[in-house]
Every structure is written in structure tokens, then in C-alpha cells.
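Oh and the sequence shown: position 207 is 206 in numbering that gives the first Met the number 0, straight run, nothing missing. Built from N, CA and C at the ideal position, the CB exists for glycine as well.
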Amino acid sequence: MAHKRKEQNGTQPPISLKFLAKYLDLSPATISVVLNDSPTDQDIPQRTKDRVLAAVRKFKYRPNVWARSLRSKRSFTIGVLVHEISEGYGALLLNALDDYLLQEGYFYFVVSHRRRMDLLEEYAKMLVERSVEGLIVIDTVLHKKLPLPAVNISGHARLPGVTNVVLNHQVAAKLALQHLVALGHRRIAFIKGQPFSSDSEVRWKAIQEMARGFSIQVRPELTVQLQDNTFSPVVGYPVTHQLLSRTTDFTALLAYNDLSAIGAIRAIRERGLRVPEDISVVGFDDIASAAFQNPSLTTVRQPLRTMGITAARILLERLNGGEDPGEVVVEPELVVRESTCLARDLVQPASRRRKTLEAPVPLKS
Numbered sequence: 000m001a002h003k004r005k006e007q008n009g010t011q012p013p014i015s016l017k018f019l020a021k022y023l024d025l026s027p028a029t030i031s032v033v034l035n036d037s038p039t040d041q042d043i044p045q046r047t048k049d050r051v052l053a054a055v056r057k058f059k060y061r062p063n064v065w066a067r068s069l070r071s072k073r074s075f076t077i078g079v080l081v082h083e084i085s086e087g088y089g090a091l092l093l094n095a096l097d098d099y100l101l102q103e104g105y106f107y108f109v110v111s112h113r114r115r116m117d118l119l120e121e122y123a124k125m126l127v128e129r130s131v132e133g134l135i136v137i138d139t140v141l142h143k144k145l146p147l148p149a150v151n152i153s154g155h156a157r158l159p160g161v162t163n164v165v166l167n168h169q170v171a172a173k174l175a176l177q178h179l180v181a182l183g184h185r186r187i188a189f190i191k192g193q194p195f196s197s198d199s200e201v202r203w204k205a206i207q208e209m210a211r212g213f214s215i216q217v218r219p220e221l222t223v224q225l226q227d228n229t230f231s232p233v234v235g236y237p238v239t240h241q242l243l244s245r246t247t248d249f250t251a252l253l254a255y256n257d258l259s260a261i262g263a264i265r266a267i268r269e270r271g272l273r274v275p276e277d278i279s280v281v282g283f284d285d286i287a288s289a290a291f292q293n294p295s296l297t298t299v300r301q302p303l304r305t306m307g308i309t310a311a312r313i314l315l316e317r318l319n320g321g322e323d324p325g326e327v328v329v330e331p332e333l334v335v336r337e338s339t340c341l342a343r344d345l346v347q348p349a350s351r352r353r354k355t356l357e358a359p360v361p362l363k364s
């Protein structure tokens with residue numbers, strides 16, 4: 000028998016669990032078990048599960064979050080603290096968090112603290128007042144514990160109650176430098192990250208260590224540091240002009256991130272030099288636009304989606320009684336595109352013909 004719903008003011012009222020139960024001739028408890036993916040749903044026949052899910056799609060049923068919260072005395076809400084909402088790094092992480100939290104039935108608030116410690120503390124308190132259960136922090140240097148269980152993506156401070164999800168920067172530095180050394184580059188310039196970036200110091204130490212292993216000299220005149228507190232290609236543009244005003248005696252540039260690499264390429268071209276023929280450029284992160292630059296950007300891929308999903312999964316596990324792993328390390332990979340080639344010293348000036356290289360130089364033990 001068909002079930003009709005009353006209309007008021009030309010609109011249909013939201014589907015209730017009671018209506019769905021009557022339509023399916025099942026108990027509300029059975030439907031809740033299926034929708035909440037409860038461990039007890041293994042006792043429910045697959046045919047029944049399929050009927051429930053089909054009805055949910057047909058009527059576009061959405062669970063009553065407030066009723067769920069009242070029953071469980073939980074908010075199922077997460078707070079996300081970011082330094083800035085912008086393209087690239089932060090956007091990729093937020094997309095991953097959004098997908099995972101939505102799938103798990105959690106709502107979330109996002110606030111931007113602009114790297115101001117007073118805002119960071121105030122926003123954390125405000126999120127607590129809004130009954131969030133835990134916090135996910137992105138690329139933020141923390142100096143003390145937070146008021147709730149937290150996961151810090153690219154966080155390095157060991158604090159009580161904070162799980163750090165970090166990249167293996169040793170491997171990342173090795174991949175980038177090994178690639179350049181294999182192409183014959185020995186005179187390599189570097190763009191360091193901003194002092195306030197949580198990965199800046201850790202990544203720079205890893206690069207210096209790996210450079211020694213490859214017998215690459217890190218020269219002060221070939222090193223510049225990002226300063227602007229902005230997340231756009233503009234950030235790498237002035238420091239590369241500064242570098243080129245000192246010297247052009249280098250064949251490769253390793254940038255702190257993809258955005259600074261893109262700005263650097265613009266500055267290099269404005270000086271009448273070519274990328275990669277005169278100067279090879281390597282970025283870091285593998286943001287969505289990296290593959291569509293001209294030339295497309297060789298970069299160290301930071302698996303940002305994996306990091307975001309990992310952070311959300313760990314936090315939810317902790318909120319549901321799981322242990323704090325303290326730190327989770329994820330692995331990078333090198334993505335070779337068009338912005339790197341043989342060092343100009345190894346290419347015949349007349350033909351610019353590429354030569355076959357020997358195997359990559361191994362790290363010194």
C-alpha cells in the first residue's frame with residue numbers, strides 16, 4: 000500500500016524515521032542499526048539492508064542529528080583550525096576532511112586564526128563552547144596543549160592529547176636532491192619556508208642533511224627565505240629576483256612549496272632565462288595546478304588527501320575510545336614533469352642534445 004505524506008504550503012515535510020519504518024514494514028531500531036553501520040548489522044540479511052538503503056535514496060532521508068545527539072549525549076561535531084583558507088595545501092586537506100567526516104556522519108566548523116596566537120586560543124575556546132568533541136589543526140605551530148583531543152597535520156611539537164600527522168621529510172629531501180643530482184646538478188639554489196610555517200625548520204634540516212650526503216654544498220648566496228604571509232605564487236617571486244640579483248651561477252632551484260616554485264619560474268623568465276634549460280625547478284606538495292603549469296612542475300608529492308583522511312580517522316577513533324598513537328608518518332613520492340632536465344653544463348651548446356646519465360649518485364654512508 001502506498002504511503003502518502005501531507006503537504007503544507009506546497010512543500011513536503013522532512014522524512015521521519017517513523018515514516019521510513021512504516022514504509023518498509025521494519026522497526027525503527029532495525030533501520031537505525033543499518034544506517035549507523037552498527038556491529039550488530041551483521042545479523043540483518045543483506046536483502047533487508049539493500050531495501051533500507053534504497054528507501055533512504057528514494058525519499059532522500061536524512062537522520063535527525065539533534066535527536067541523535069540527545070540520545071547519545073554527543074554533538075558529533077569537530078572543530079578545524081587553519082592558518083588561512085586558500086588554494087593549494089589547505090584546500091586539499093579541507094576537501095579530504097570534508098569527505099571523511101561527511102561519510103562518518105560528523106559535522107564540522109572551520110576557523111582561520113591567521114597565525115595569531117591570541118586568535119588560536121580564543122577560537123579553540125569558542126569551539127569548545129559550541130560543543131565540538133575534538134579538534135583538527137592544520138599547519139600550525141602549537142606551544143601548549145589544546146582543551147580537547149586534537150590531531151595536528153604537519154605538527155611537530157609533542158604535546159599531551161595531540162596526535163601529529165607528519166610527512167617523512169628525510170625521504171622527501173632525498174627524493175628531490177637525488178633527482179637533481181642524477182640530472183647532473185651540483186650548483187643548487189634553495190628557497191626556505193617562512194619561519195612561521197610548521198614544516199619549515201624540519202624540512203630545511205632534512206635538506207641540509209641530505210645535501211651533505213650527496214656532496215652538495217648549501218651556499219648562503221644561493222639560499223633565500225620566504226617571508227610574505229600569503230599563500231599564492233606571489234610569495235616566491237620577490238625572493239627569486241633577490242637570488243638572481245646576487246648570482247645566476249646555479250643550474251637548479253629547490254623551492255619550499257609549489258606556490259613559491261611557480262612564482263620563482265616567473266621571476267626566472269623575466270631575467271631572460273629558461274626553465275628547465277637554464278635552471279631546473281622542483282616544487283613541493285603537488286597541488287592541483289602543478290601539472291598544468293607551463294612547464295608542468297616537477298615536485299615532491301605530499302599525500303595531502305591521505306594526511307587529511309588519516310587525521311580525521313585517528314581523531315574519530317580516539318573520540319570513540321581508541322588510543323592516541325602520538326605520531327603518524329606518511330611517505331612522499333617524486334613526480335617528475337617538465338620543469339627539470341639535464342644540467343646545462345652537460346648539454347652541448349650547439350644542439351642542446353640530451354646525454355644519457357649514469358645511475359644516481361648514492362648517499363654517503
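Query                                                                                                                                                       : Result
Between the C-alpha atoms of T355 and Q177, what's the straight-line distance to the nearest angstrom?                                                      : Because the pLDDT of T355 is 36, which lies under 50, any placement of that residue in the model is unreliable, and the question is left without a value.
Could you tell me the alpha carbon to alpha carbon distance between E171 and T47, rounded to whole angstroms?                                               : According to the sequence as given, residue 171 is Ala; it is not Glu. The alpha-carbon atoms of A171 and T47 are separated by roughly 49 Å.
For the region 50 to 58 and the region 12 to 28, state whether three or more C-beta atom pairs, one from each stretch, are separated by less than 8 Å.      : yes
Is T305 buried or exposed, if buried means 16 or more other CB atoms sit within 10 Å of its CB?                                                             : exposed
Short of 7 Å in beta carbon distance, which residues of its chain neighbour S196, apart from the five on each side in sequence? Order them along the chain. : D138
Could you tell me whether the Cβ atoms of I313 and V150 are closer together than 7 Å?                                                                       : yes
Can you give me the Cβ contacts of E389 inside the same chain, cut-off strictly under 8 Å, excluding the 5 residues immediately before and after it?        : Nothing in the structure corresponds to residue 389, since the chain is present only between 0 and 364.
Do three or more CB pairs link the region 239 to 255 to the region 210 to 225 at distances below 8 Å?                                                       : yes
Which of helix, strand or coil does DSSP assign to T229?                                                                                                    : coil
Would you report the Cα separation of S111 and A260, rounded to the nearest angstrom?                                                                       : 25 Å
Alpha carbon to alpha carbon, how far is E83 from K124? Give it in angstroms, no decimals.                                                                  : 19 Å
State yes or no: is the C-beta of G307 within less than 7 Å of the C-beta of L96?                                                                           : yes
On the premise that V329 lies in contact with L166, defined as a C-beta separation below 8 Å, what is that separation, rounded to the nearest angstrom?     : 6 Å
If you compare alpha carbons, which of F58, G235, I152 is closest to A310?                                                                                  : I152
Within 10 angstroms of its Cβ, does D344 collect 16 or more other Cβ (buried), or is it exposed?                                                            : exposed
Given a cut-off of 7 Å on the beta-carbon distance, is the pair S279 and T339 in contact?                                                                   : yes
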